[in-house]
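Numbering (the working numbering), first residue to last: 9 to 121.
Note that the Cβ used here is the ideal one computed from N, Cα and C, for glycine as well.
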């Protein structure tokens, strides 16, 4: 596979969100780190056992992940990190989808709230 083609695939070990602001970079990296600490075996086992992902919901709440990425700027009470930004929404969607549709689903459902 060419270098250009592999650059299109998410590689958690080499993920570099340098195009984003510091808080977005921190949140994207901490999300990857959260998943990597669990490991593929644990994530796969939880998926097949249909284990509810309360630990992920807890992580997302503690980090303010959804509120930071999904709050419209007009409703952010002056917090510049809380805003809708399609590029960063897409980046988080890619990360969550990479680790499992169950994690992406809770994120996607947040759009409906």
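When the Cα atoms are used, residue 25 and residue 74 turn out to be separated by approximately 18 Å. By the C-beta density criterion, residue 60 is exposed, having fewer than 16 other C-beta atoms within 10 angstroms. Collapsing the DSSP output to three states places residue 90 in coil. Residue 69 sits in a helix when the DSSP states are folded into three classes.
Its Cα nearest to that of residue 32, the residue 88 stands out among 108, 88 and 82. Cβ atoms of residue 104 and residue 92 stay farther apart than 8 Å, at about 17 Å.
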